[in-house]
Amino acid sequence: MKLKNYLMFILLGAGLSSSAQTLTKIWSTTAGIKTPESALFDAKSNKIYVSNIDGDPSKKDGNGFISILNADGKMEQLKWATGLNAPKGSA
């Protein structure tokens, strides 16, 4: 049984490696972003919301903020929401 599982993983791995995808950089930005932790794309508005920790991620310092970028990576609003304590994650 172990040999069967071993062969299955080898075949699966070989199949995955032969169909590897490549990434092409479309754009990048650093326009005022401070320690970005996550980004969330809203298809309805075509906007990207970025959480910025801006400091120590374990401290409650109120330095964190949320930025809004357009789909081309241009900053629309650097500090859309402010006074956050190291915002992490997006739902």
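If you use the working numbering, the sequence shown corresponds to residues -8 to 82, in order.
Don't be surprised by glycine CBs; every beta carbon is placed ideally from N, CA and C.
Proximity winner among the options, relative to residue i (alpha-carbon distances)
i: K25; options: A34, L69, K65; result: L69
i: G80; options: F0, Q12, L31, A22; result: L31
i: K38; options: K50, P78, K16, A62; result: A62
i: A77; options: I44, T21, K(-7), L14; result: I44
i: S49; options: A72, I1, E28; result: E28
i: M66; options: K16, G23, T15; result: G23
Start and end residues, beta strand (DSSP E) containing residue i
i: N61; result: 55 to 61
i: G64; result: Counting along the chain, G64 falls outside any beta strand (DSSP E), and DSSP gives it neither H nor E.
i: P27; result: 27 to 33
i: I24; result: Per DSSP, I24 belongs to no beta strand (DSSP E) and is neither H nor E.
Burial state of residue i, where buried means 16 or more other Cβ atoms lie within 10 Å
i: D47; result: exposed
i: S58; result: buried
i: L60; result: buried
i: F0; result: exposed
i: G55; result: buried
Residues that residue i bridges to, as DSSP identifies them
i: A72; result: I57
i: I39; result: F32, L60
Coarse secondary structure for residue i, derived from DSSP in three states
i: I17; result: coil
i: I1; result: helix
i: K50; result: coil
i: K(-7); result: helix
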